[in-house]
Amino acid sequence: MGEKSKNQISLPTFIVWAIALSVTAVFCWILGDILWHGVGQLSWEFLTTEPRNAGREGGIAPILISTCLILAVCLAVSLPLSVGTAVLLAEFTTTESRFGRLVRRSLDVLAGVPSIVFGLFGNAFFSIKLGLGFSILSGGLTLACMVLPILIRSAEEGFRAVPTEYRLGAAALGLSRTTTLWKLLLPAATPGLVVGLVLGIGRAIAETAALIFTSGYVDRMPESLLDSGRSLSIHIFDLSMNVAGGDANAYASALVLLILLLLVNGMATWIAQFWLARRIKS
Amino acid sequence: MAIALTIGLGIQACNQSSPIDNQTSDRFQGRLVLTGSSTVAPLAAEIGKRFESEHPDVRVDVQTGGSSRGIADARNGVADIGMVSRSLKEEEADLQSFAIASDGIGMIVHQENPVNSLSNQAIIDIYTGKINNWQQVGGKNAPITVVNKAEGRSTLELFLDYFKLENSQVKSSVVIGDNQQGIKTVEGNPNAIGYVSIGTAEFSINDSIPIKLLPLNGIAATSENVQNETFPLSRPLNLVTKTQPQGLDKAFIEFAQSPQVHDIVQQQEFVPISK
Amino acid sequence: MTLFNNKNLSPSQSDLVLLWILRGFALLTGIIVVLITAFLLLEALPVLQQVGWLRFVSDPSWHPVQGFYNLMPMLWGSLLVTLGAVILAAPLGIGSAIFCQYYAPPFFSGFYRQLINLLAGIPSVVYGFWGLVVLVPLIGKLQPPGTSLLAGIAILTLMILPTIALTAEASFSEVPTEYFQGAAALGISRWATIRSVVLPATKSGLFTGLILGTGRAIGETMAVLMVCGNVVQTPTSIFDPIRTLTANIALEMAYATGNHRSALFVSGLLLMVAIAILVAVAEGMSRRNIYG
Amino acid sequence: MKKSQLTQNSRLSLPSMQTERLSLYYGKKAAFTDVTMPIYSGKITALIGPSGCGKTSFLSCLNRLTDLIPHTKVVGSIRLDAVEILNNRVDAIALRRRVGTIFQKPNPFPFSIWKNLAFPLKEHGIKKREQLDRLIETTLQDVGLWSEVKDRLHTSALFLSGGQKQRLCIARALVLQPEVLLLDEPCSALDPISSGVVEDLIASLRGRYTVVIVTHNLAQARRIGDYAALFWVRAEVGRLIEYGTVEQIFTAPQQDLTAAYVNGIRG
Chain B
1 MGEKSKNQIS LPTFIVWAIA LSVTAVFCWI LGDILWHGVG QLSWEFLTTE PRNAGREGGI
61 APILISTCLI LAVCLAVSLP LSVGTAVLLA EFTTTESRFG RLVRRSLDVL AGVPSIVFGL
121 FGNAFFSIKL GLGFSILSGG LTLACMVLPI LIRSAEEGFR AVPTEYRLGA AALGLSRTTT
181 LWKLLLPAAT PGLVVGLVLG IGRAIAETAA LIFTSGYVDR MPESLLDSGR SLSIHIFDLS
241 MNVAGGDANA YASALVLLIL LLLVNGMATW IAQFWLARRI KS
Chain S
1001 MAIALTIGLG IQACNQSSPI DNQTSDRFQG RLVLTGSSTV APLAAEIGKR FESEHPDVRV
1061 DVQTGGSSRG IADARNGVAD IGMVSRSLKE EEADLQSFAI ASDGIGMIVH QENPVNSLSN
1121 QAIIDIYTGK INNWQQVGGK NAPITVVNKA EGRSTLELFL DYFKLENSQV KSSVVIGDNQ
1181 QGIKTVEGNP NAIGYVSIGT AEFSINDSIP IKLLPLNGIA ATSENVQNET FPLSRPLNLV
1241 TKTQPQGLDK AFIEFAQSPQ VHDIVQQQEF VPISK
Chain G
2001 MTLFNNKNLS PSQSDLVLLW ILRGFALLTG IIVVLITAFL LLEALPVLQQ VGWLRFVSDP
2061 SWHPVQGFYN LMPMLWGSLL VTLGAVILAA PLGIGSAIFC QYYAPPFFSG FYRQLINLLA
2121 GIPSVVYGFW GLVVLVPLIG KLQPPGTSLL AGIAILTLMI LPTIALTAEA SFSEVPTEYF
2181 QGAAALGISR WATIRSVVLP ATKSGLFTGL ILGTGRAIGE TMAVLMVCGN VVQTPTSIFD
2241 PIRTLTANIA LEMAYATGNH RSALFVSGLL LMVAIAILVA VAEGMSRRNI YG
Chain U
3001 MKKSQLTQNS RLSLPSMQTE RLSLYYGKKA AFTDVTMPIY SGKITALIGP SGCGKTSFLS
3061 CLNRLTDLIP HTKVVGSIRL DAVEILNNRV DAIALRRRVG TIFQKPNPFP FSIWKNLAFP
3121 LKEHGIKKRE QLDRLIETTL QDVGLWSEVK DRLHTSALFL SGGQKQRLCI ARALVLQPEV
3181 LLLDEPCSAL DPISSGVVED LIASLRGRYT VVIVTHNLAQ ARRIGDYAAL FWVRAEVGRL
3241 IEYGTVEQIF TAPQQDLTAA YVNGIRG
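Residue numbers (our numbering), protein chains in the order written: chain B, 1 to 282; chain S, 1001 to 1275; chain G, 2001 to 2292; chain U, 3001 to 3267.
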């Protein structure tokens, strides 16, 4: 490509293309597998009816709603918390400071805590200690704890990537750091924030082990955030591992999960770019 | 801020979810929380749905987490009823148990495996590693993949108990968690042997998954033989409570044991208990 | 006429307020970390007091019901499977990001990016499921039983690749294009520019991606549980089945009571300690290079 | 623009700022030490000297941009209108509104041209659209940019040429009507023609603003400066070698080093 003549592709070009194509191939395989088995079950009815016969029959309507609610709780709590912490780490502490290093290191450790431990912690703390019981709220809060490291680290990277000249320029104009942050750094750090958001949503929406003990297993339509609600990932796990003959609906649910993920990711990216980046362009 | 809000809601939740049951009137209302065995959970959830449709003011919340969790939650009052997929142990005698269904455990191998029966001794030798090739028990010349269950599962305890084995003697090549994982493992490996819930295996065989059940002690591994109690390796699925159940708890347990739910029990691949 | 009459030089309050709010947020985050650690410690304490640390290293086997608590084979399992996955996923993920940013034709890079975004959110159950019905039988044909260290490495590689690729790409996108123009003006090839300009300039971002990826790999539960075979043994080849610490917790926690349950929390604690050591080593090796 | 509008005070011969024994340390290492120097109101003071002699560091002390760099320590005294600004009770933000800075590399924000100027104004309390428009227009005219950009005020500032960007940055500083303007080699990243335009612009600020400019270009210092200060490194530490009017520094230097430097023998 580009620099070299066409019949003389350089080795790195070849390798990079090979990596991309093989990764694409493997992932298309997985996606194709889900699509192949799932698309037959998918229908409007599947999305709008309640599950019957332990999920082998019927749809996933209440599960879809619960999943969205859990995700909403998780993001509502974790986003402000993580952006705030990231700002503190990136803008108000130096990289070598002991405080920054301590927080960063604890977050890295937290990132590696198995999700099932988060589940047991969430059960002991949110469900029992705070008395939230098995509920969407407990589940969302547990997930919020779990995605914090991802969100914070990517947001921090986003802030660090903003050129120092902006900060100096703003300071030289006598702008307060609050203003600089809101009007200048936050919009400029959008790419990092979006990556964190996509990864965080991905991890939250795909989570099983942390939710079994917190948001629970009940597949009834939730009436409030304090009701127990089964998430899509738990539904998939239960159908594929615990219910004989649940495979077809498990595939269909996995397909719905992917579509949901595409929608949520698209929306998150769109909001971030148009809401934050609009400030830059106007 | 969010946390403060959460705590506020939490206190509210405590007030809301305190069950208003224990009324001896015919109209039950309140929330019934069941936790425990993941094997029993789908069954209990379906029974719960039917119970809800008969008592519209009742909510039956079924949560999973394993038999030991069912025991613990029933004991400390987190759950009204615990679900346990085995008989109670001696140290659990303080709890009341009520069987709602039973379940047999059968040996499974791949459909292409020429071996059609194994003696108890052969199974013991396979699981302890004394026999490690199918040739030694009349099959093809291929190494045996021994599929065992993870420590703590009641199926494992039952299996070990029946064959008088200690788990440390078992030389397994794959350790699995749930029944479906066992079936998929055997399905994908023509030289594997494992043991799973008979109902699940029968359902999978009907679903044309290439596995087969082996008879145990000469008795075919079928639901009928579990029901007429001739099959030697079976377990009860229990609901447990801390004290003698009353009110809503009692109504639900009686409902779950009644013939009204036998179709659900069969639908979930278990064997109804004939009283 | 002057616009700004305010000539006094006393400090404004808004920045202080902001700083305190941010500190509050960070404090909450810190509290969560402390709470989780404390929770693990508290749950693990009974068995640690009764049996002691040493038994988790020196016991002949892991049969907690019979009172044997050796966790070392599972620690090795966790470390090996993570190491393998990171070694494979790092070049693949970074290569993917390089491809997307510098080599791919525009329509393909958009598609590829969406694909990676999507993969980041596939539930581990689905990966595990796919691994169990497709990958494991495939490996099984090569060398039975198929459920193995290799299968675990392969699945985890796929799972953490998106994390590494996405963070790497975000870092690349922030490298000023002037560098490229500058390098192109000097007649330096694209690859040489990437190697000598882009990669050094983005190593902090790449490092973050690797740490997050490692975290996800070592903490992953459901997928490894389904494909690794879960036999407690120190593997001697990549075809040996292994059990990771996380799979151990997931497999047995639901059925464990007493000391057994407590010992499973020790597994969690051990995992945290292992990660803390990894992080400290990684940071120590690269402190000046990365954060400097 | 009416002159009276922007002129703050007409105390032309009084020092607007005065440093006393000012030193700056990065960690343990001193960047410069013991600089005592007046900065006269309405005059242009040129800081000259070879690279790395502490000129830029000195400049960044004057509006406490050094606060943003970790591990720096400023010792001594800086007074602005007789108020000590190295005092923690003095708000650096209010200070920087009164003492503006232009950097070597033009750094417009990633906003439109209009917003680059409106943003700081709004933040300092001017919110009315008409007033904003008026101030932005007069300031852009002041820096000679109005006729070039009036049709594309709402397009990104990042598409401007280097010289235009730098004039925009100067406009951005001027729109806040500072008393002192600090310029750190404002022309060195520009082509000769843009450089000339910017230099003329700076010269035109004389009398209305107190200007401190760091420059490597001795001819430029001589053309636009009223006063000049030569910095030099001695024993790895920056020092103020000589301070005086431009005529005196360039025609009758007191120090041999100054004579050698301005005659192009050293540095």
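Where a beta carbon is used, it is the ideal one built from N, C-alpha and C, also for glycine.
With residue i as the anchor, note down where its beta strand (DSSP E) starts and where it stops.
i, result
"residue 1106/S", "1096-1110"
"residue 3213/U", "3210-3214"
"residue 1214/S", "1211-1214"
"residue 2196/G", "That residue, residue 2196/G, is in no beta strand (DSSP E); it is neither H nor E in DSSP."
"residue 2127/G", "Unbroken run through residue 2127/G is the alpha helix (DSSP H), 2124-2130; no beta strand (DSSP E)."
"residue 2052/G", "Residue 2052/G -> no beta strand (DSSP E), and no H or E assigned at all."
Would you list the residues sitting across from residue i in a DSSP beta bridge?
i, result
"residue 1058/S", "1030/S"
"residue 3229/U", "3047/U and 3243/U"
"residue 2973/U", "Only positions 3001 to 3267 of chain U appear in this structure, which leaves residue 2973/U out of reach."
"residue 2072/G", "In the DSSP output, where bridge partners are listed per residue, residue 2072/G has none listed."
"residue 3030/U", "3025/U"
"residue 1084/S", "1238/S"
"residue 179/B", "DSSP, once it has assigned bridges, lists no residue as partnering residue 179/B."
"residue 3100/U", "3181/U"
"residue 3112/U", "3156/U"
"residue 57/B", "52/B"
"residue 1148/S", "1175/S"
"residue 3037/U", "3019/U"
Would you call the CB atoms of residue i and residue j closer than 7 Å?
i, j, result
"residue 1223/S", "residue 1271/S", "yes"
"residue 56/B", "residue 246/B", "yes"
"residue 1074/S", "residue 1065/S", "no"
"residue 2063/G", "residue 1167/S", "yes"
"residue 225/B", "residue 136/B", "yes"
"residue 3186/U", "residue 3197/U", "no"
"residue 3232/U", "residue 3076/U", "no"
"residue 2162/G", "residue 2119/G", "yes"
"residue 236/B", "residue 248/B", "no"
"residue 3019/U", "residue 3078/U", "yes"
"residue 176/B", "residue 3093/U", "yes"
"residue 3222/U", "residue 3246/U", "yes"
For residue i, count neighbouring Cβ atoms within 10 angstroms of its own Cβ and tell me buried if that reaches 16, exposed if not.
i, result
"residue 2225/G", "buried"
"residue 29/B", "exposed"
"residue 1228/S", "exposed"
"residue 2292/G", "Note on residue 2292/G: pLDDT 35, under 50, position unreliable in the model; the coordinate value appears next. The residue in question, residue 2292/G, is exposed, as its Cβ has fewer than 16 Cβ neighbours within 10 Å."
"residue 2099/G", "buried"
"residue 3251/U", "exposed"
"residue 1230/S", "exposed"
"residue 119/B", "buried"
Select from the options the residue whose C-alpha is nearest the C-alpha of residue i.
i, options, result
"residue 2137/G", "1110/S, 1117/S and 1126/S", "1110/S"
"residue 3239/U", "3033/U, 3017/U and 3015/U", "3033/U"
"residue 2325/G", "124/B, 141/B and 221/B", "Any answer about residue 2325/G is impossible in this case: the structure gives chain G only from 2001 up to 2292."
"residue 1252/S", "1127/S, 1088/S, 1157/S and 1098/S", "1098/S"
"residue 62/B", "255/B, 264/B, 261/B and 219/B", "219/B"
"residue 2048/G", "2267/G, 2031/G, 2245/G and 2154/G", "2267/G"
"residue 1984/G", "178/B, 66/B and 15/B", "Past the edges of chain G, shown from 2001 to 2292, lies residue 1984/G, and the structure says nothing about it."
Which two residues bound the contiguous alpha helix (DSSP H) that contains residue i?
i, result
"residue 2118/G", "2106-2119"
"residue 164/B", "164-172"
"residue 2155/G", "2149-2172"
"residue 1162/S", "1154-1163"
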